[in-house]
Structures are given as structure tokens and as C-alpha cells.
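Q: Residue numbers (full-length UniProt numbering): 1 to 259. We put the CB at the ideal spot given by N, CA and C, even for glycine.
Shown next, in the form of C-alpha cells:
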């Protein structure tokens, strides 16, 4: 029996199907107040209790034990759990939708907002899947620090979002990449860059892709480190001017260029 949900006066046991079985002895009243689905469920005929659970109704559920434990902690009047795992948070949201538990869903939504900065791509997918428009909008703007074409493994969460939500994300990234390429083109054709072969080198498709990917990261990088990563050497300072010039034109929207 689960230590936190084995109260003597509990009048129902939720028994998970994964082995070993987990038993949660809880109260019908609490579950009914939190969920209309549970309320309706208790009105349906249930199998006769076995010898170990005399006078206590048993309901078999297919929910993951850890996620069910999480939801029970969110609907019972006990200190709320701290959710530091997106996988668990998603499993919990699935349960709240399955049983229509609005209160727990709202609390998990608040927790998802904490992950927007840590993992914006997954946060966007999860928010889109569960209809959290505000969080999806905020997360999508932060995903521009990720160069999507370079990802070999996309989060499984993206499999659960709608085609319009995925299309919106792709269009956003295209717009940001276009902004970067426009800034690159504007700086490349300044006289300072034409004095050496920087413009010619960066005009190559492979090098332009590499250049855009660096700016798309959205993480701080020094001018010197940027130049080393590009691998383009010039005797004059035009390469430095080029990197600084692109950063200025982008206005800090993408990579933060440090001195």
C-alpha cells in the first residue's frame, strides 16, 4: 500500500496494472469533488472485492503509478509536490485530461511555465498539445536559439501536436533565419569586407549554413570565438567588423556577441 495514500477510512482503492501493482486507498468524496469522471465512475457496478480488501471497493486503472501519485498529491489537501521532470509532468497532464481534473491541470500548467526557459522546444510542444496558448507563444519565441535542421532527434512531444502548431513553429524559424541572412547580406557587401575574401568565403552555401547556425544558437559568444569557429582568416580586421556588424543589425534578437 502507498504510504501517503493508505488512510484507514479510505473507501476506495485505485489499483494500477503495472507490476508490481500499486494500491492507493483514497476517498470517493475527494475524487468526486476533483473529477466528474471519477464521480460518474463510482456510480457504475464494480467487481466484488477480494479477501484482502473487504468493504473497500477496488478500481483498476491503467495510469502510470508515479503520475497517479502526483495527481493525488495535487488534489488532496497536502503540501503540493515539486515537479522537476517534464516526462512526469506530461503523464500527469494526460491523467488530468482523462479524468477531467481541472484543478490539478491548472497547477501543472503553472509548473510547465517554469520549463519554458530550460527546454523551450519541448515546452512549446507540450503547451501546444494541451492547449496552453500563452505558454506556447512564449516558448516558441525562445526556440529560435535552436537550429531545427541540425537536430537529428526531435522531441517525441512534437508527435502529439497539430499540423498547424508545427507549421507555425517552422514558419517562425524561417522568419528568424531570413532575418539573419538579410543581416549577413547587408554586412557582406560593405567595402570593408570586399577588401579581402571574406565575402566570397561566406557566400558558399556550406559556410552560410554554418554562419546562420551559430547566430541561431541564441547563446553568448565572443567575436574571437565566432571567427575561430567559422575558420575564416583575414589579415585585416574586416572579419571582426563583419561579426559585429551582423550582431548590430540583428539588434540582439539572436546570439549575444561579446567583445
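Which parts of the segment 153–180 are runs of the alpha helix (DSSP H), unbroken and 4 residues or longer, counting only runs that do not cross its ends?
A: none
Q: Does the structure place the segment 89–99 close enough to the segment 54–71 that three or more beta carbon pairs sit under 8 Å?
A: Short answer: they touch.
Q: Enumerate in chain order the residues of its own chain whose CB-to-CB distance from residue 207 is below 8 Å, with the five nearest sequence positions on each side excluded.
A: 201, 230 and 232
Q: Is it buried or exposed, residue 14, if we count other Cβ atoms within 10 angstroms and call 16 or more buried?
A: buried
Q: Between the alpha carbons of residue 21 and residue 143, how many angstroms are there, rounded?
A: Cα to Cα, the separation comes out at about 40 Å.
Q: Look at the alpha carbon of residue 125 and the alpha carbon of residue 157, and state the distance between them as a whole number of angstroms.
A: 6 Å
Q: For residue 242, which of helix, strand or coil comes out of DSSP?
A: DSSP places residue 242 in the helix class (H, G or I) of the three-state scheme.
Q: Taking C-beta to C-beta, are residue 40 and residue 28 nearer than 8 Å?
A: no
Q: Which residues does DSSP pair with residue 24 in a beta bridge?
A: Paired residue(s): 14.
Q: Among the residues of its own chain, which have a CB less than 6 Å from the CB of residue 148, if the five just before and after it don't count?
A: 173
Q: Do residue 98 and residue 183 come within 8 Å of each other at the CB atom, strictly closer than that value?
A: no
Q: On a CA-only basis, which of 119, 133, 18 and 130 is nearest residue 146? Give me that one, please.
A: Selection 119, 133, 18 and 130 evaluated against residue 146 yields 119 as nearest (Cα-Cα).
Q: Between the alpha carbons of residue 53 and residue 62, how many angstroms are there, rounded?
A: Bear in mind that a pLDDT of 45 at residue 53, under 50, signals an unreliable position, so the number given afterwards is only what the model happens to contain. Cα-Cα distance, rounded: 19 Å.
Q: Would you report the Cα separation of residue 164 and residue 178, rounded to the nearest angstrom?
A: Note on geometry: alpha-carbon atoms of residue 164 and residue 178 lie some 21 Å from one another.
Q: Buried or exposed, going by whether 16 or more other CB atoms sit within 10 Å of the CB of residue 245?
A: buried
Q: State the Cα-Cα distance for the pair residue 243 and residue 110, rounded to the nearest angstrom.
A: Computed Cα separation, rounded: 39 Å.
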